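My numbering numbers the first residue of the sequence shown as 43 and each following residue consecutively. Glycine included, every Cβ here is placed at the ideal spot set by N, Cα and C. Nothing here was measured: the structure is a model prediction, and the numbers come from that model. Please read the structure below before turning to the comments.
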Amino acid sequence: MKTASAVASSLLLCLCSPAAVAQQPPLEAFASLPAMQSPTISPDGKKLAFIAQAEAGSFVFVSDLETMAVGAAVDVSVMKPRDVTWANQDTLLLLASQTVNFGPQGRQVESFAPYGIDLAGELKIQQLLLADQRIQRNAGRTFGGIIALQGAQLLGFDRAKGLALFPRREQEGRVLYAVDAKNDRRSRIDEGTHATQGWVVDREGRPKFRVEYNAERDAFTILRRGERAWEVLLTEITELPEMNVYGLDANGELVVGVRPKDVGRLGLYIMSAETGKTERALFTHPKLDVSGVMRDPYTNLVVGAQVAGEPPVWFDGELAKHQADLNEAFAGESPRMTSWSADRTRVVLATQRPDHAPAYYLYDAKAATAKQIGSANQVLDRFKLASRAPYSYTARDGVEIPGFLTRPVGAQGATPLVVLPHGGPASLEVGGFDWLAHFLASRGYTVLQPNFRGSAGLGKAWEEAGHGEWGIGVMQHDLTDGVAALIKAGMADPERVCIVGGSYGGYAALAGAAFTPELYKCAAAIAGVADLKQMLSFEKGRTGFSSPTIAYWRRAMGVDEKNTADERLEAASPALHADKVRAPVLLIHGRDDTVVPIMQSRLMETALRGAGKSVQLVELEGEDHWLSGAKTRLETLRALDAFLAEHLAKK
Numbered sequence: 043m044k045t046a047s048a049v050a051s052s053l054l055l056c057l058c059s060p061a062a063v064a065q066q067p068p069l070e071a072f073a074s075l076p077a078m079q080s081p082t083i084s085p086d087g088k089k090l091a092f093i094a095q096a097e098a099g100s101f102v103f104v105s106d107l108e109t110m111a112v113g114a115a116v117d118v119s120v121m122k123p124r125d126v127t128w129a130n131q132d133t134l135l136l137l138a139s140q141t142v143n144f145g146p147q148g149r150q151v152e153s154f155a156p157y158g159i160d161l162a163g164e165l166k167i168q169q170l171l172l173a174d175q176r177i178q179r180n181a182g183r184t185f186g187g188i189i190a191l192q193g194a195q196l197l198g199f200d201r202a203k204g205l206a207l208f209p210r211r212e213q214e215g216r217v218l219y220a221v222d223a224k225n226d227r228r229s230r231i232d233e234g235t236h237a238t239q240g241w242v243v244d245r246e247g248r249p250k251f252r253v254e255y256n257a258e259r260d261a262f263t264i265l266r267r268g269e270r271a272w273e274v275l276l277t278e279i280t281e282l283p284e285m286n287v288y289g290l291d292a293n294g295e296l297v298v299g300v301r302p303k304d305v306g307r308l309g310l311y312i313m314s315a316e317t318g319k320t321e322r323a324l325f326t327h328p329k330l331d332v333s334g335v336m337r338d339p340y341t342n343l344v345v346g347a348q349v350a351g352e353p354p355v356w357f358d359g360e361l362a363k364h365q366a367d368l369n370e371a372f373a374g375e376s377p378r379m380t381s382w383s384a385d386r387t388r389v390v391l392a393t394q395r396p397d398h399a400p401a402y403y404l405y406d407a408k409a410a411t412a413k414q415i416g417s418a419n420q421v422l423d424r425f426k427l428a429s430r431a432p433y434s435y436t437a438r439d440g441v442e443i444p445g446f447l448t449r450p451v452g453a454q455g456a457t458p459l460v461v462l463p464h465g466g467p468a469s470l471e472v473g474g475f476d477w478l479a480h481f482l483a484s485r486g487y488t489v490l491q492p493n494f495r496g497s498a499g500l501g502k503a504w505e506e507a508g509h510g511e512w513g514i515g516v517m518q519h520d521l522t523d524g525v526a527a528l529i530k531a532g533m534a535d536p537e538r539v540c541i542v543g544g545s546y547g548g549y550a551a552l553a554g555a556a557f558t559p560e561l562y563k564c565a566a567a568i569a570g571v572a573d574l575k576q577m578l579s580f581e582k583g584r585t586g587f588s589s590p591t592i593a594y595w596r597r598a599m600g601v602d603e604k605n606t607a608d609e610r611l612e613a614a615s616p617a618l619h620a621d622k623v624r625a626p627v628l629l630i631h632g633r634d635d636t637v638v639p640i641m642q643s644r645l646m647e648t649a650l651r652g653a654g655k656s657v658q659l660v661e662l663e664g665e666d667h668w669l670s671g672a673k674t675r676l677e678t679l680r681a682l683d684a685f686l687a688e689h690l691a692k693k
């Protein structure tokens with residue numbers, strides 16, 4: 043096995059991509075995990091920390107930004123690294139996950155945890171706040187969430203102790219701590235209840251608001267910190283809370299995300315700390331939902347907003363000026379600032395093009411220069427990739443369906459088509475690099491990725507148009523109509539169409555095979571849902587009958603206690619209609635999937651075999667719902683490549 047230093051050398055030898063060539067990239071390049079992930083700059087602007095995934099394993103590297111020479115390397119291959127950031131100048135915070143067995147029945151959960159890395163002392167991983175076994179026994183994520191990382195002062199803690207997070211405790215409810223990321227020393231800041239969802243802290247780390255949701259009473263509550271005790275600011279009775287509480291703005295006012303009925307889109311609003319009413323809009327988009335906010339890691343304040351597929355909008359004048367300069371310098375590459383030094387003179391940014399894997403740059407605001415410091419995939423940088431372009435078509439009822447179309451390099455006329463619906467289903471396709479879509483296009487397939495009704499980000503009406511429309515309704519019709527549009531446009535061969543998807547997209551692939559069997563020559567489902575009733579039962583066992591999760595899924599699937607839920611779920615479950623399937627089916631599923639259990643694919647395999655249909659099930663050892671492992675991602679692509687080549691080959 044290579045050492046961490048050897049891996050670093052191979053990653054950092056050349057950051058300049060040679061001219062792209064018009065050859066077919068190797069399959070292995072698409073399957074590889076990012077060579078640079080989560081790059082983040084140190085407070086003094088001199089160092090860069092990032093996660094690197096390589097054949098030898100997963101590592102956290104710290105490099106000098108002037109020379110990119112590695113000063114520290116930590117092997118984190120025993121876990122799944124997700125994100126890394128600076129807790130202070132000489133301490134890193136790593137967020138990672140592991141699949142663990144939970145409870146007497148050994149049910150699997152994906153356990154997320156923060157780890158401290160002390161760069162000034164012995165290089166080792168210090169697990170935070172998980173020594174208490176009572177926390178380990180709780181289902182789901184093992185801690186509630188990180189509140190603030192780099193507050194200047196956190197209730198008397200200096201910068202060396204700049205981390206606040208709150209675990210769930212069986213006897214005490216949720217507790218907010220200040221934690222020293224070097225050694226796990228903690229100081230209790232506030233104690234909540236079992237219903238506590240989180241806190242909002244100011245730039246000094248003092249709790250100002252607390253958010254709670256009581257599932258038994260369907261009560262969503264925001265509390266404000268009074269002089270002596272917590273006081274109720276707002277209470278709503280709702281089965282499914284829709285308000286998001288994001289933090290404080292530069293004026294110390296509370297920023298919330300709501301969808302006013304007369305607007306129908308999620309926007310950012312200022313809530314009065316006196317009345318609990320939304321007083322004015324901070325940011326709204328004329329067509330799209332706000333998809334997230336950006337906070338300054340040094341002040342905890344909300345400084346910007348993100349809308350899917352568009353450049354960030356910054357409320358802070360200095361950051362807005364940086365963004366404007368970068369938009370001009372990186373036109374067409376969607377530059378996004380991911381981190382900055384404490385004085386904001388040095389910024390790490392990511393660029394993304396429709397025909398290129400993400401690249402990372404260091405922007406020096408004083409010198410007005412930018413230099414590349416890394417790439418997510420250096421192998422793919424050497425090849426000419428297809429362009430993933432916006433594309434819309436008209437559905438059968440006249441509604442325009444937006445999405446993305448990726449045509450093979452040099453394609454003219456009709457090619458074999460792969461319909462690639464996204465997961466969620468309340469997710470959204472946005473522009474830029476997509477490892478699976480670009481892989482499929484590199485193999486000669488046109489790839490359609492529609493934002494069908496039921497997708498998120500396009501307003502409440504668009505998302506709710508998909509409720510109760512799974513499989514046999516408008517969500518599936520939108521996919522079918524996309525195929526018809528491409529055939530009519532002369533871009534798709536009607537005799538060579540396959541549907542492929544993961545998670546909900548996997549369900550849509552199975553539904554396509556079962557409910558429009560004449561349309562597809564093959565179908566491939568990665569971690570797909572096959573039996574909706576069984577899936578709903580799994581969610582009830584995981585989150586509880588009265589949880590907001592169950593309320594969401596029942597609403598999305600179009601069932602409630604008053605209607606014939608069983609009939610609706612059965613009608614839209616592909617496993618119960620296996621006899622209608624004509625096309626060969628490929629099932630791929632991770633054995634450690636904690637979101638959609640592998641039993642869903644096993645049920646589908648059994649149903650198809652019982653009906654005398656062609657089916658192949660590939661079980662991925664040690665893989666989760668997100669194809670987090672390079673080995674299993676490679677196994678997935680090899681199976682998918684062979685399957686499509688066999689069934690979409692020109693006869």
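Suppose the cutoff is 8 Å on Cβ atoms and the five residues either side in sequence are ignored; what does the same chain contact list for Leu-18 look like?
In the structure as shown, the chain begins at 43 and stops at 693. Residue 18 is therefore absent and cannot be evaluated.
Apart from the five residues on each side of it in sequence, which residues of its chain come closer than 7 Å, Cβ to Cβ, to Gln-239?
Val-253, Glu-254, Tyr-255
Thinking C-alpha only, which one of Ala-371, Val-542, Met-533, Ala-503 is nearest Leu-521?
Val-542
Looking only at DSSP bridge pairs, what is Trp-595 linked to?
Partner(s): none; Trp-595 has no beta bridge.
Please go through the same chain and pick out, in chain order, the residues whose beta-carbon is closer than 7 Å to the beta-carbon of Glu-612, but skip the five residues on each side of it.
Within the same chain, Glu-612 has close Cβ partners Lys-575, Leu-618.
Since Tyr-311 sits in a beta bridge, which residues does DSSP pair it with?
Val-298, Ala-323
Excluding sequence positions up to five away, which residues of its chain have a Cβ less than 8 Å from the Cβ of Gly-163?
The beta carbon of Gly-163 sits closer than 8 Å to the beta carbons of Lys-224 from its chain, once the five residues preceding and following it are set aside; these are given in chain order.
Does the structure place the region 454-474 close enough to the region 488-497 that three or more beta carbon pairs sit under 8 Å?
Verdict: yes, contact present.
Excluding sequence positions up to five away, which residues of its chain have a Cβ less than 8 Å from the Cβ of Ser-545?
Gly-465, Gly-466, Ile-568, Ala-569, Gly-570, Val-571, Val-637, Val-638, His-667
Among all the DSSP beta bridges, which residues are the ones paired with Pro-444?
Ser-434
Quick check: the region 153-163 against the region 121-136, are at least 3 beta-carbon pairs closer than 8 Å?
yes
Can you tell which of Val-297, Thr-317, Val-660 has its C-alpha closest to the C-alpha of Val-287?
Val-297
Among Leu-447, Thr-326, Ala-73, Leu-628, whose alpha-carbon lies nearest the alpha-carbon of Asn-702?
Here the chain covers residues 43 to 693 and nothing more, so residue 702 does not appear.
My output table needs one value for Tyr-546: the three-state DSSP class, helix, strand or coil.
Secondary structure at Tyr-546: helix, using DSSP grouped into helix, strand and coil.
Along the chain, where does the alpha helix (DSSP H) that runs through Glu-581 open and close?
Unbroken alpha helix (DSSP H) run through Glu-581: 574-585.
Output yes or no for whether 8 Å exceeds the beta carbon distance between Leu-627 and Lys-673.
Strictly speaking, residue 627 in this sequence is Val, with Leu absent from that position. No, these two residues do not count as a Cβ contact at 8 Å.
Taking the alpha-carbon positions, what's the Leu-107 to Trp-477 distance?
CA-CA distance, Leu-107 to Trp-477, rounds to 28 Å.
Since Gln-79 is in the beta strand (DSSP E), which residue starts that stretch and which ends it?
79-83
When you compare the CB positions of Asn-342 and Asp-406, do they come within less than 8 Å of one another, or not?
no
Throw me the rounded Cβ distance for the Ala-77 and Ala-507 pair, which I believe falls under 8 Å.
Wrong, their Cβ atoms sit about 40 Å apart, outside the cutoff.
Tell me which same chain residues have a C-beta within less than 8 Å of the C-beta of Arg-388, skipping the five on either side of it?
Within the same chain, Arg-388 has close Cβ partners Ile-83, Gly-87, Leu-107, Trp-382, Leu-404, Tyr-405, Asp-406, Ala-407.
What does a CB cutoff of less than 6 Å around Lys-319 pick up in its chain, not counting 5 residues either side in sequence?
none
Among all the DSSP beta bridges, which residues are the ones paired with Thr-411?
Asp-406
Quick check on the burial criterion: 16 or more other C-beta atoms within 10 angstroms. Buried or exposed for Glu-647?
buried
Given that a residue counts as buried once 16 or more other Cβ atoms are within 10 Å of its Cβ, and exposed if not, what is Asp-523?
buried
Can you give the Cα-Cα distance for His-327 and Asp-608, rounded to whole angstroms?
39 Å
Can you tell me whether Pro-432 is buried or exposed? The criterion is at least 16 other CB atoms within 10 Å of its CB, across all chains shown.
exposed
Enumerate in chain order the residues of its own chain whose CB-to-CB distance from Ala-687 is below 6 Å, with the five nearest sequence positions on each side excluded.
none
Does the separation of the CB atoms of Gln-394 and Glu-375 fall below 8 Å?
Yes, they are a contact pair.
Tell me the rounded alpha-carbon separation between Asp-117 and Pro-302.
48 Å
Within the region 352-378, note down every full alpha helix (DSSP H) run reaching 4 residues or more, in order along the chain.
359-371
Assuming Pro-67 contacts Leu-422 under a Cβ cut-off of 8 Å, what Cβ separation, rounded to an integer in Å, is found between them?
6 Å
Can you tell me the Cα-Cα spacing of Ala-138 and Gly-99, whole angstroms?
Near 14 Å, if we compare the C-alpha coordinates of Gly-99 and Ala-138.
Determine the direct distance from the alpha carbon of Ala-598 to that of Gly-510, and round the result to whole angstroms.
Going from the Cα of Gly-510 to the Cα of Ala-598 covers about 6 Å.
With DSSP run on the structure shown, which of helix, strand or coil describes Trp-241?
Reduced to three states, the DSSP call for Trp-241 is strand.
For Lys-250, does the three-state DSSP call read helix, strand or coil?
Reduced to three states, the DSSP call for Lys-250 is strand.
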